[in-house]
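A short write-up of the structure that comes next.
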Ligand code: FAD
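Numbering (this note's numbering), first residue to last: 3 to 282.
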């Protein structure tokens, strides 16, 4: 196992004041796991530009290591430069650079900028100011032309200046280990951190997974679908995802990136079960 696995937690920007208050509590509680950083997603097409930036700058004021997700979306260079300057002034030192997706219905009005171009843009304008994380897909990005092309484009993101990658979530550890082997063969030597999605609400997870191309193993789907009591789903989810994380860390994964859905419980329970932090 890696000596001290890197832990990070991802949030989405809440729409309401209550949601925001809850997020601050979540962040405070998850701090107990000494994460390397928290990150805040960026709404498809830049739809959360202000909320993402506000949360990030607010949390920076509290001295938190926080990384905004960023994509061009439908924005021009000036708008993206404005955000980068805002982040630089706030003392942000890490960005998750993405192509992103367009919100449905907006696909035709703007050309998406590939993530490697955004990485190159950030490096060109801000030098080494930011550690750049990019996205990787052990089960292949849904629009990828082929497995090899997807890896080639991931390599392009590192060649453009990215430092490390966070993966889409998955439940089959072999997909991750095979992907790492293929990346290594392609000459990628940067760390690739597995993205971990705790399982709480299975109906939502199944819908979301269809959209983002993450596979839920057949046995797990059938088991989950047979449960009526949400507590049974939660218990099996905890067991399965804890085992997954254990296998990943034992197999040499350099850390874990949690998709928290702004909740404390699911990520904390997995980390506690793995022996991180204090038992509750
Ligand atoms: P890219 O790396 O640009 O790849 C997109 C597709 O184009 C792939 O199929 C790739 O094979 C292909 N491709 C890449 N480069 C080229 C090229 N030069 N020429 C031709 N084809 C190419 N979405 C959001 O909207 N907001 C978020 O905050 C957000 N956070 C995420 C965090 C993580 C860790 C992950 C894994 C995903 C996240 N996403 C987010 C989803 C992501 O935006 C989508 O998966 C999006 O469709 C692809 O983004 P990307 O940065 O991986 O794109």
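Built from N, CA and C at the ideal position, the CB exists for glycine as well.
Between the region 147-159 and the region 55-73 there are fewer than three C-beta pairs closer than 8 Å, too few to call the two in contact. Looking from the CA of residue 16, the closest CA among 9, 25, 10 and 119 belongs to 25.
Checking the DSSP bridge columns, you'll see residue 261 partnered with 12. Counting C-beta pairs closer than 8 Å gives three or more between the region 155-168 and the region 184-195, which meets the contact rule. DSSP places residue 198 within a strand segment (E or B) once states are collapsed to three. Rounded to the nearest angstrom, the gap between the Cα atoms of residue 209 and residue 200 is 15 Å. Excluding the 5 residues flanking it on each side, residue 122 has same chain C-beta neighbours closer than 7 Å at 162 and 163, in chain order.
Distances taken from the Cβ of residue 67 to the heavy atoms of the ligand FAD include none shorter than 8 Å. Closer than 8 Å to some heavy atom of the ligand FAD: that describes the Cβ of residue 100. In the displayed model, residue 106 falls within coil according to three-state DSSP, outside both helix and strand. Within the region 55-103, the runs of beta strand (DSSP E) that reach at least 3 residues and sit entirely inside it are, in chain order, 68-72 and 96-99. Secondary structure note for residue 35: it is in no alpha helix (DSSP H), with a DSSP letter that is neither H nor E. Taking all protein chains in view, the Cβ of residue 188 is surrounded by fewer than 16 other Cβ atoms within 10 Å, so the residue is classified as exposed.
By the neighbour-count criterion, in which 16 or more other beta carbons inside 10 Å mark a residue as buried, residue 63 falls on the exposed side. Beyond the five residues adjoining it in sequence on each side, residue 229 comes within less than 6 Å, by CB distance, of 235 in the same chain, given in chain order. Taking 8 Å as the cut-off, the C-beta of residue 77 does not count as close to any heavy atom of the ligand FAD. The region 213-221 and the region 245-258 do not touch, with fewer than 3 CB-CB distances between them shorter than 8 Å. Between residue 19 and residue 233, the alpha-carbon positions lie close to 29 Å from each other. Contact between residue 205 and residue 239 is ruled out by a C-beta separation of about 13 Å, above the 8 Å threshold. Separation of residue 53 and residue 250 (C-alpha to C-alpha, rounded to the nearest whole angstrom) is 33 Å.
Not one heavy atom of the ligand FAD is found less than 8 Å from the C-beta of residue 106.
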